[in-house]
Amino acid sequence: MPGARARGGFRSVLFNIPLALLIGFISLVAAAVHASPTKWGPAPADSPDQPDGPPWADPGAAGQGGPSPWELPWPVYVFVLLLVVAIVVRRLWPRSAFAAAVIGTAGYLLFGGTLGPVLVGPALALLALSAVVPLRTWATWAVLLAPMLVAASADQPYLGAFASQTYSGFAFSLAFTLAPAAFGAVRRTRAEAARREREQELQSYAFEERLRIAREVHDVVGHSLSVITMQAGVALHVLHKRPDQVETSLEAIRRTSKDALEELRGTLAVFRDPGPEDRDAPLPGLDRLDDLVSALGSAGRQATVRTEGAPHRPSGGPDSLAERELPAAVDHAAYRIIQEALTNVTRHAPGATADVRIVHGDDRLVVEITDDGAPLQGGAPREGNGILGMRERARAVGGTLYAGPRPDHGFRVRAELPLPAHERATTTAWWGRGRPDDSVSRPPDTPPTSGEAEETQ
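Using the working numbering, you'd call the opening residue of the sequence shown number 3 and step up by one each time.
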């Protein structure tokens with residue numbers, strides 16, 4: 003966010019002001035000490051006409067410690083000020099700050115400064131630069147920086163013995179500049195890796211959210227349209243024979259359409275900023291199973307529901323905080339699996355009767371939907387969106403799903419959804435791997451039996 007970046011840059015400027023002033027003052031002191039003839043001794047023997055210090059140093063100051071930091075020529079102060087400004091703004095404008103630091107350091111050395119504290123300025127600027135620009139850019143600048151600094155100082159005759167150590171000075175300057183540059187490059191690499199990881203997480207989250215919405219829309223619209231299609235067909239069939247039945251069918255179409263629109267609004271609410279009513283809206287669960295079966299019956303399809311075991315209380319109500327035995331996610335997944343399985347019955351098994359069996363176990367919730375339709379024709383069936391969505395719903399809560407034809411006739415869908423206290427460490431999906439028996443405790447790794455396959459959707 004621009005506002006956050008601006009505030010962060012302002013704080014970095016405030017933090018860098020004392021540091022920059024300290025480096026500038028130390029550089030001025032170093033220049034003053036460097037100007038003392040007693041510091042460097044006499045000029046080289048082969049240069050008797052050269053002064054013993056910088057051009058602006060007083061030859062009569064020998065033995066007096068040289069000038070004070072406030073008695074230097076004005077160009078030194080200008081270049082030191084440029085260096086100070088570069089240190090302060092290096093994180094806001096790293097490229098400009100680095101150029102200013104190089105110019106300030108080179109000018110400081112040309113007018114009698116000394117290598118040492120002044121190198122901290124370009125080193126900090128290069129550290130900030132290498133953290134934001136590619137390697138090929140800062141590496142070129144860093145390689146050019148060290149020889150420039152050495153050339154600006156080693157050509158001065160008052161350096162005495164140091165003038166014969168140009169290679170040592172070059173190595174020192176190169177190490178002093180490349181080290182922070184390399185450190186900044188490491189920081190930049192880590193920052194880019196963290197950014198890519200965040201982008202991947204956001205993409206993964208967006209994909210999961212799109213997948214969730216697609217499943218919800220498929221289940222809601224698919225089931226509702228199937229019921230509406232059947233009711234419309236009934237109405238057309240009895241239009242002239244039984245007008246009263248037409249009114250019943252139209253009422254079922256109206257009710258189904260209304261319920262589907264309400265569920266669709268709740269599903270698509272994630273595309274806007276959710277209000278309190280959207281965040282607190284409960285997901286449909288097994289408590290709405292009677293309405294689902296009733297709608298199927300009004301469309302001419304018979305379905306029976308059997309419940310075994312002590313029903314678990316769905317979580318999420320204000321008075322169920324201590325009884326979160328059936329999480330809302332498990333309750334919703336079970337409802338959607340049953341809804342999709344019954345929708346498949348209406349589509350692919352005309353005239354068939356469906357049986358819904360719900361088993362509340364100690365460690366899992368088992369839902370099983372079977373029908374007595376005719377055997378599948380046309381060879382091995384393919385996996386479709388409906389069964390794929392059911393499998394994804396089961397896996398999302400750590401469960402397993404089987405879907406395939408029964409040995410004699412009809413089709414079976416069975417889902418085992420673990421409860422939190424007994425949730426499996428590893429989720430496995432046995433898709434078309436064998437028909438489970440009627441026991442709740444059937445292990446998911448039972449070898450498949452022959453003749454079982456997946457339903458075409």
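The beta-carbon is built from N, C-alpha and C at its ideal position, and this holds for glycine as well. Bear in mind the structure is a predicted one, so any value in this text is a computation, not a measurement.
Would a C-beta distance cut-off of 7 angstroms place Ala336 and Leu367 closer than the cut-off?
Yes; because the gap between Cβ atoms is below 7 angstroms, this pair is in contact.
Cα separation between Leu16 and Gly114?
The alpha-carbon separation between Leu16 and Gly114 amounts to approximately 30 angstroms.
Evaluate contact between the segment 211-227 and the segment 387-395, counting only Cβ atoms and requiring at least three cross-stretch pairs below 8 angstroms.
Yes, the segment 211-227 is in contact with the segment 387-395.
Write down the C-beta distance between Arg92 and Leu126 rounded to the nearest angstrom, noting that I regard them as a contact closer than 8 angstroms.
Between Arg92 and Leu126, the beta carbon gap of about 6 angstroms places them in contact (Cβ cut-off 8 angstroms).
Rounded to the nearest angstrom, how far is the Cβ of Ala103 from that of Ala88, given a contact under 8 angstroms?
Contact between Ala103 and Ala88 holds: CB atoms are separated by about 4 angstroms, below the 8 angstroms threshold.
Less than 7 angstroms between CB atoms is the rule here; does Pro20 satisfy it with respect to chain D?
As a matter of chain content, chain D is missing from the structure shown, which is built from one protein chain.
So what does His362 bridge to, in DSSP terms?
Beta-bridge pairing links His362 to Leu367.
Length of the line joining the Cα atoms of Leu129 and Ala184:
Each residue's alpha carbon lies about 8 angstroms from the other.
C-alpha distance - Gly26 paired with Glu203, whole-angstrom precision
Looking at the two C-alpha atoms, the distance is approximately 45 angstroms.
Which same chain residues end up closer than 8 angstroms to Gln247 when comparing Cβ atoms and leaving out the 5 residues on each side of it in sequence?
Excluding residues within five positions, the ones whose Cβ falls inside 8 angstroms are Val236, Ala237, Val240.
Looking at the unbroken alpha helix (DSSP H) that takes in Leu128, where does it start and where does it end?
Judged by DSSP secondary structure, Leu128 falls within the alpha helix (DSSP H) whose first and last residues are 122-132.
Grouping DSSP H, G and I as helix and E and B as strand, with all else coil, what is Gly412?
Here Gly412 carries a coil assignment [DSSP, helix/strand/coil].
Closest by C-alpha distance to Asp373, when choosing among Leu285, Asp410, Leu390, Leu131:
Selected option, being the one with the closest Cα: Asp410.
For Pro286, is the classification buried or exposed, using 16 other Cβ atoms within 10 angstroms of its Cβ as the cut-off for buried?
So Pro286 counts as buried.
Straight-line gap, Thr258 to Ser226 (C-alpha atoms, nearest Å)
Rounded to whole angstroms, the gap between the alpha carbons of Thr258 and Ser226 is 6 angstroms.
Whole angstroms is fine: what's the gap from Leu288's alpha carbon to His334's?
About 7 angstroms.
Can you tell me whether Arg308 is helix, strand or coil according to DSSP?
In this structure, Arg308 counts as strand in the three-state DSSP scheme.
How long is the line joining the alpha carbons of Gln205 and Asp364, rounded to whole angstroms?
Rounded to whole angstroms, Gln205 to Asp364 spans 37 angstroms at the Cα level.
Pull the bridge partners of Thr250 from the DSSP assignment, please.
In DSSP, Thr250 forms no bridge with anything.
Quick one: give me the first and last residue of the beta strand (DSSP E) that Pro407 is part of.
Per DSSP, the continuous beta strand (DSSP E) segment holding Pro407 begins and ends at 402-407.
Which listed residue (Val82, Val86, Ala34) has its alpha carbon closest to that of Leu21
Looking at the Cα atoms, Val86 is the closest of the given residues.
Just grab the DSSP bridge partners of Thr372 for me.
Bridge pairing for Thr372: Asp357, Arg414 [DSSP].
Boundaries of the alpha helix (DSSP H) in which Ala351 is found, first to last residue:
First-last for Ala351: undefined, no H or E at that position.
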